[in-house]
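Reviewing the structure listed below.
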Amino acid sequence: MTVSEQLALPSPWLPAHRPAMRSRRQKRYVVGAAVLVGALHAAVLAFVMSRPEPRRDAAPLHVVAAELIAASPATSAPPPPATPPRPQPPAHERPTRAPHPVARSVAPTPHEQVVEPQRQPTPAAAAAPSVSPAPQPEVSQAVPQASSTQHAVTGNGEQHPRAVAQLDCTIAKPAYPLLSRRNRETGTALVELRIDVTGHIDSARVVASSGYPRLDAAALDAVEASACVPYKENGKPVPATAKVPVVFNLSE
1 MTVSEQLALP SPWLPAHRPA MRSRRQKRYV VGAAVLVGAL HAAVLAFVMS
51 RPEPRRDAAP LHVVAAELIA ASPATSAPPP PATPPRPQPP AHERPTRAPH
101 PVARSVAPTP HEQVVEPQRQ PTPAAAAAPS VSPAPQPEVS QAVPQASSTQ
151 HAVTGNGEQH PRAVAQLDCT IAKPAYPLLS RRNRETGTAL VELRIDVTGH
201 IDSARVVASS GYPRLDAAAL DAVEASACVP YKENGKPVPA TAKVPVVFNL
251 SE
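Under UniProt numbering, the first residue of the sequence shown carries the number 1, and numbering increases by one thereafter.
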């Protein structure tokens with residue numbers, strides 16, 4: 001920059017630039033005063049906050065004891081006195097006299113009048129000797145025979161079945177249940193049957209299960225559909241009972 005150009009620039013010390021400089025100084029003063037006032041306020045506030053609070057003594061508690069008095073129940077008016085009943089004049093009772101016992105003659109009844117005279121034993125009856133029963137050996141020998149067959153006869157005339165090891169029966173082939181065959185169920189059911197004097201099967205029951213209810217039911221059906229020969233004892237047919245096994249095997 002040349003000297004002429006420098007001379008052409010406005011100088012801050014010229015009178016034209018003095019108002020601007022004054023305004024800047026005033027602003028600085030205002031800012032400084034504001035900062036000083038703010039600092040004073042902060043100091044005062046800090047002093048006030050750091051000042052300890054005055055200690056307040058706790059006011060003594062005054063305990064007042066109050067006693068609750070139950071309200072007295074309202075006294076009801078006393079009931080009017082009951083009028084006493086009028087005394088009744090005493091009744092004059094006549095003294096009762098004890099009745100004199102009256103002697104009554106009781107006439108004997110006709111039944112009492114009849115008195116049967118006791119019959120005196122005749123000399124012939126008194127002299128008759130006592131007859132002792134004669135011993136019966138034949139009856140005593142027949143008693144064991146009756147007792148041997150007594151166990152087979154009930155009170156109403158029916159005979160108990162004789163339990164035997166085997167009966168002459170033709171047992172029908174049992175029908176294998178289809179569901180048991182599918183489930184491959186096998187086993188042996190022990191059935192006890194009873195026959196009458198004609199050989200007819202009266203009843204049948206399972207005494208040992210095969211392990212499957214369906215097989216047990218099929219075994220009962222097969223035994224009930226069977227036929228037996230009458231069981232004879234001393235040439236006479238008697239009821240009998242025996243146990244028959246019914247086998248269920250898938251190979252059959």
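Think of the CB as a built atom: it goes at the ideal place given N, C-alpha and C, for glycine as much as any other residue. Values in this document were obtained by computation on a predicted structure and should not be read as measured data.
Whose C-beta lies closer than 6 Å to the C-beta of residue i among residues of the same chain, with five residues either side of it excluded?
| i | result |
| --- | --- |
| V247 | T188 |
| G199 | C228, V229 and P230 |
| A208 | L190 |
| residue 275 | It is not possible to answer for residue 275, since the shown part of the chain is limited to 1 through 252. |
| A219 | P174, A189, V191 and V246 |
| V206 | A189, V191 and D216 |
Suppose the cutoff is 7 Å on Cβ atoms and the five residues either side in sequence are ignored; what does the same chain contact list for residue i look like?
| i | result |
| --- | --- |
| L167 | I195, C228, Y231, A240 and A242 |
| L40 | none |
| Y212 | S180, E185 and G187 |
| M49 | none |
| residue 253 | With the chain represented from 1 up to 252, any question about residue 253 goes unanswered, as that position is not in the structure. |
Considering only residues of the same chain and omitting the five flanking positions on each side of residue i, which have a CB-CB separation below 8 Å?
| i | result |
| --- | --- |
| K236 | none |
| S203 | L193 and R194 |
| K173 | A222 |
| V164 | Y231, A240, T241 and A242 |
| T149 | Low confidence applies to T149: its pLDDT is 41, below 50, so where it sits in the model is not reliable enough to give any reading. |
| residue 258 | The displayed coordinates of the chain run from 1 to 252. Any statement about residue 258 would go beyond what the structure contains. |
Spell out the partners DSSP gives residue i in its beta bridges.
| i | result |
| --- | --- |
| E192 | R205 and K243 |
| T170 | A227 |
| A219 | Its beta-bridge partners do not exist; DSSP assigns none. |
| R162 | A240 |
| F248 | G187 |
| K232 | P237 |
With residue i as the anchor, note down where its alpha helix (DSSP H) starts and where it stops.
| i | result |
| --- | --- |
| L178 | L178 to R182 |
Taking 9 Å as the CB-CB limit, is residue i close to chain B?
| i | result |
| --- | --- |
| A172 | Annotation note: the requested chain B is absent from the structure, which comprises a single protein chain. |
Cβ of residue i within 8 Å of any heavy atom in the ligand MN?
| i | result |
| --- | --- |
| V30 | By its list of ligands, the structure shown contains no ligand whatsoever, and the ligand MN lies outside what it can speak to. |
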